[in-house]
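Novice: Here the sequence shown stands for residues 44 to 340, numbered as in this note's numbering.
All C-beta atoms in this analysis are idealised placements derived from N, C-alpha and C, irrespective of residue type, glycine included.
These numbers were taken from a predicted model, which means no experiment stands behind them.
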Amino acid sequence: MAALTKVAIIGASGFLGTKLIKKLDYRLDSASSYEVIGTYYNNPKEGMLDLDIQNERAVTNFMKEYNPEVVVISATIQGAKCEEDPDLAERVIINGAKNFVRACSSSGSKLIFTSTDYIWPGKESLEESPYTEDSPPNPINVYGYCKTLAEEEVLKLGSNSLVVRLSSMYGWNGNKERNSFLGFLKSLKGEIKMGTYQRKHEVWVDDVSLAIIGLLTANASGVYNIAGPEMLSKYDLTQRLLKLCPNITRVIPDSNIRGSFNIPKNLPMSTAKIESLGITFSSVEEAVEHILRQTFR
Ligand SMILES: NC(=O)c1ccc[n+]([C@@H]2O[C@H](COP(=O)([O-])OP(=O)(O)OC[C@H]3O[C@@H](n4cnc5c(N)ncnc54)[C@H](OP(=O)(O)O)[C@@H]3O)[C@@H](O)[C@H]2O)c1
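Right, dumping it as structure tokens:
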């Protein structure tokens, strides 16, 4: 049997990490197989290891002990929290990335960093051209700023680095797991208001996981955008997810909902580069049908 590629998912207890680790495990009997290790920080999960990426020595020891060929940083501080506590954001997002850059540089491991469309300032009009991988970052909030600097650090590893810039993700990991926006929607009842100010290429977390695995299999390096095919506000997305949320009776559009910090307006993203590798993305309608059939419990 061919040797397995050892992949470490850092932040495997999070929304994306939970899905990514499952998708990698499903492939264990396929031709391109992976041995997967996952880490958590505050939320212990069975079979996972405890790691704080702010701690340089802990990262070095982790890399020496487990020696993964590939590391995926899915650990983050979320946007609102970055604004509240910029020092923590810097320590986790920027210093955390630096710690892995150092360790991967010594071990020769590949480093995959999950970034965001918040590295861009957003576009006023929906008619403007989409952001490509070459569009220069110009963040307007702490989260975007930290991710921009972390990207720069990671890309110093050259062909051993990959930055994936993700649009907002939705999807389902199962009851009692982290489900992000859909988990929040499931907790709501009756009439609800949802924002129309910001539009993004909302993307299904299953597709994001498969895209990362596809890039890994293709040994891609550099920067790739990962985004869904439709430009949607949270109001539009909620309307499309209603089949999964029977307790919501009506969704009212509200242009005044803007979140607790400065967010970009429209974030159109080009996915031509990743699609040229044969990696494609589902519409929300397709994703909902899949979630209803296979994973929604
Ligand atoms: N969610 C989105 O819509 C979205 C959009 C664009 C980009 N992204 C990016 O995609 C990646 C995954 O996002 P997500 O939604 O899955 O995030 P998430 O659910 O908030 O998960 C964050 C993960 O980071 C871990 N973590 C936090 N502090 C840590 C530390 N000091 N050391 C080690 N691990 C730490 C958490 O561990 P514990 O929970 O165990 O504490 C958790 O596993 C992130 O890089 C994020 O910036 C997400």
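According to DSSP, is Tyr77 part of a helix, a strand, or is it coil?
Specialist: On the sequence shown, residue 77 is found 34 positions in, with the first residue counted as 1. It is a strand residue.
Novice: Using a threshold of 6 Å, is the CB atom of Ser211 nearer than that to any non-hydrogen atom of ligand 1?
Specialist: Counted from its first residue, the sequence shown places residue 211 at position 168. Answer for Ser211: yes, Cβ within range of ligand 1.
Novice: Using only the alpha-carbon positions, how far apart do Gly271 and Glu167 sit?
Specialist: Locating residue 271 in the sequence shown gives position 228, counting from the first residue. Locating residue 167 in the sequence shown gives position 124, counting from the first residue. The alpha-carbon atoms of Gly271 and Glu167 are separated by roughly 20 Å.
Novice: What residues in its chain sit with their C-beta under 6 Å from that of Ile269, if we drop five residues either side in the sequence?
Specialist: Taking the sequence shown and counting its residues from 1, the one referred to as residue 269 is at position 226. If we look at Ile269 and ignore the five residues flanking it on each side, its Cβ neighbours are Val207, Leu209, Val251 and Ala254.
Novice: So what does DSSP say about Asn184, is it helix, strand or coil?
Specialist: Here residue 184 refers to the residue found at position 141 when the sequence shown is read from its first residue. Reduced to three states, the DSSP call for Asn184 is coil.
Novice: Can you check which of these residues, Lys286, Pro164 and His244, is closest to Phe273 by C-alpha distance?
Specialist: Position 230 of the sequence shown, counted from the start, is the residue given in the question as residue 273. The sequence as given places Glu at residue 273; Phe does not occur at that position. Taking only the C-alpha atoms, the option nearest Glu273 is His244.
Novice: So, do the segment 178 to 185 and the segment 116 to 129 have three or more beta carbon pairs nearer to each other than 8 Å?
Specialist: Enough Cβ pairs lie closer than 8 Å, so yes.
Novice: Let me check understanding here. Comparing Cα to Cα, which of Gly238, Pro296, Val144 and Ser204 lies closest to Ala261?
Specialist: By one-based count along the sequence shown, residue 261 stands at place 218. Selected option, being the one with the closest Cα: Ser204.
Novice: Note down the Cα distance separating Gln337 from Gly238, rounded to an integer number of angstroms.
Specialist: The residue given as residue 337 occupies position 294 in the sequence shown. The residue given as residue 238 occupies position 195 in the sequence shown. So the two alpha carbons sit approximately 29 Å from each other.
Novice: How about Leu59: is its Cβ closer than 6 Å to a heavy atom in ligand 1?
Specialist: The residue given as residue 59 occupies position 16 in the sequence shown. Yes, the Cβ of Leu59 comes within 6 Å of a heavy atom of ligand 1.
Novice: So, is Gly233 buried or exposed, given that buried needs 16 or more other C-beta atoms within 10 angstroms?
Specialist: Along the sequence shown, read from residue 1 onward, the residue named residue 233 stands at position 190. Counting Cβ neighbours within 10 Å, Gly233 comes out exposed, since fewer than 16 surround it.
Novice: Would the segment 46 to 61 and the segment 84 to 103 be scored as touching if the rule is three or more Cβ pairs under 8 Å?
Specialist: Touching, per the Cβ criterion.
Novice: Kindly confirm or deny that the segment 162 to 182 and the segment 291 to 310 touch, where touching means at least three C-beta pairs closer than 8 Å.
Specialist: Flag = yes, the segment 162 to 182 and the segment 291 to 310 touch.
Novice: If you drop the 5 nearest sequence neighbours on each side, which residues of the same chain put their C-beta closer than 7 Å to that of Ser148?
Specialist: Translated into the one-based positions of the sequence shown, residue 148 becomes position 105. The answer, listed in chain order, is Leu200.
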